[in-house]
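>
Residue numbers (the numbering used here), protein chains in the order written: chain A, 5 to 185; chain B, 390 to 548.
#1: Does any residue of chain A bring its CB to less than 7 Å from the CB of residue 410 of chain B?
#2: Kindly indicate if chain A contains any beta-carbon less than 7 Å away from that of residue 415 of chain B.
#3: Suppose you measure from the CA of residue 115 of chain A to the CA of residue 436 of chain B; what does that come to, to the nearest Å?
#4: Chain B beta carbons: is any one of them nearer than 7 Å to that of residue 150 of chain A?
#5: On the three-state DSSP scale, how would you describe residue 62 of chain A?
#6: Going by DSSP, which residues form a beta bridge with residue 419 of chain B?
#7: Can you name the residues of chain A whose CB is closer than 7 Å to the CB of residue 468 of chain B?
#8: Return no unless some Cβ of chain B is closer than 7 Å to the Cβ of residue 167 of chain A.
#9: Within 7 Å of any Cβ in chain A, is that where the Cβ of residue 477 of chain B sits?
#10: What does the Cβ neighbour count give for residue 485 of chain B, buried or exposed, with the cut at 16 atoms within 10 Å?
#11: Helix, strand or coil, according to DSSP, for residue 485 of chain B in the structure here?
#12: Residue 449 of chain B by DSSP, collapsed to three states: which one?
#13: My guess is that residue 62 of chain A and residue 126 of chain A are in contact by the Cβ rule of under 8 Å, so how many angstroms apart are they, rounded?
#14: What is the rounded straight-line gap between the Cα of residue 176 of chain A and the Cα of residue 475 of chain B?
#15: Using a Cβ cut-off of 8 Å, which residues of the region 445-475 of chain B contact any Cβ in chain A, in chain order?
#16: Is it buried or exposed for residue 39 of chain A, if we count other Cβ within 10 angstroms and need 16 for buried?
#17: The alpha helix (DSSP H) that contains residue 474 of chain B, what's its start and end?
#18: Could you give the first and the last residue of the continuous beta strand (DSSP E) run that contains residue 99 of chain A?
#19: For a test of the three-state rule: what should DSSP assign to residue 138 of chain A, helix, strand or coil?
#20: Can you tell me where the alpha helix (DSSP H) with residue 33 of chain A in it begins and where it stops?
#21: Is residue 22 of chain A close to chain B, meaning its C-beta is less than 7 Å from at least one C-beta of that chain?
#22: So what does residue 517 of chain B bridge to, in DSSP terms?
#23: Of all the CB atoms in chain B, is at least one closer than 7 Å to the CB of residue 38 of chain A?
#24: Would residue 174 of chain A pass as an interface residue toward chain B - the criterion being a Cβ-Cβ separation below 7 Å?
#25: Determine the DSSP secondary structure at residue 94 of chain A, reduced to helix, strand or coil.
#26: Measuring only the C-alpha atoms, how far is residue 3 of chain A from residue 60 of chain A?
#27: Work out the CA separation of residue 508 of chain B and residue 465 of chain B for me, nearest whole Å.
#28: Looking at the structure shown, is residue 85 of chain A part of a helix, part of a strand, or coil, going by DSSP?
#29: By how many angstroms is the C-alpha of residue 492 of chain B removed from the C-alpha of residue 415 of chain B?
#30: Of all the CB atoms in chain A, is at least one closer than 7 Å to the CB of residue 440 of chain B?
Here it is in structure tokens:
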């Protein structure tokens, strides 16, 4: 199915809850609010002509200080973060992207862990790098940086060369009960 | 070794130095601490074309307790740094460290929040190998230079 047809189906079903759409080179995306996330993605999964049964990736974007250069895509956004959910259908072999507009770090996004298990670590990465919290996540802690790290490095206001050393010995990791959820 | 502490005769000690260093430099047992692309380059070095076993460093041991040459190959992140220190501490003396590639020597082109800018912030390094990744001849050259360095060591210094 063409991605523009998928956008039309979503707009027909959700109407005003689609904040904006994006189309470039055959790839399309819609932007929604965090409250609608579970409903939109389960609609994409359950609809017989769409059948998006694989969540391929969850990635975050920080739009602090973005835009204003005059180009069309560079419009200034009212929200700071976006989380992009890349969907794929094994049966119908089509892809789609759903973007969630997160106003700032105080907004909590529902976790998709119960629907797609792969979202577990991907949401931990978004939390580690951007500081966006996910409600209902079983084990929301840092995954890529060490446990003593302070801050969220992929935000635009983190000084990229600031280094934080881990100076503690790591023997406690052998005896701590690790929750591998 | 406690033998040389009981011998006052310097002639005998220099002969012991020569023999012991000859044994150590021509039979180094590397521990490949490979984290990134340089490890794959090392796999090429131990392959048949650029054979490192010509120089004696053939027997790679993956346990630090059984190795004496620590080859750090690849990017070391801040999360990995205490693990590298622990591996180095677990090696018995005499031990040498070769920092292979740009990432291990200086952080490479990762000047950011997560990469250790050179493993000499954590462990003492004997030989640095430049390159991204270094050519296999470079790696063999590093082993050769390390052998020259070992041949000038004093056995008593390792106490």
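Note that the Cβ used here is the ideal one computed from N, Cα and C, for glycine as well.
The answer reads as follows:
#1: no
#2: no
#3: 48 Å
#4: yes
#5: strand
#6: B:458
#7: 149, 150 and 170
#8: yes
#9: no
#10: buried
#11: strand
#12: coil
#13: 4 Å
#14: 13 Å
#15: 467, 468, 470, 471, 472 and 475
#16: exposed
#17: 470-479
#18: 99-106
#19: strand
#20: Segment 31-36 is the beta strand (DSSP E) holding residue 33 of chain A; no alpha helix (DSSP H) there.
#21: no
#22: B:488
#23: no
#24: yes
#25: coil
#26: This structure does not reach residue 3 of chain A, given that chain A is present from 5 up to 185, and the question cannot be answered.
#27: 7 Å
#28: strand
#29: 28 Å
#30: no
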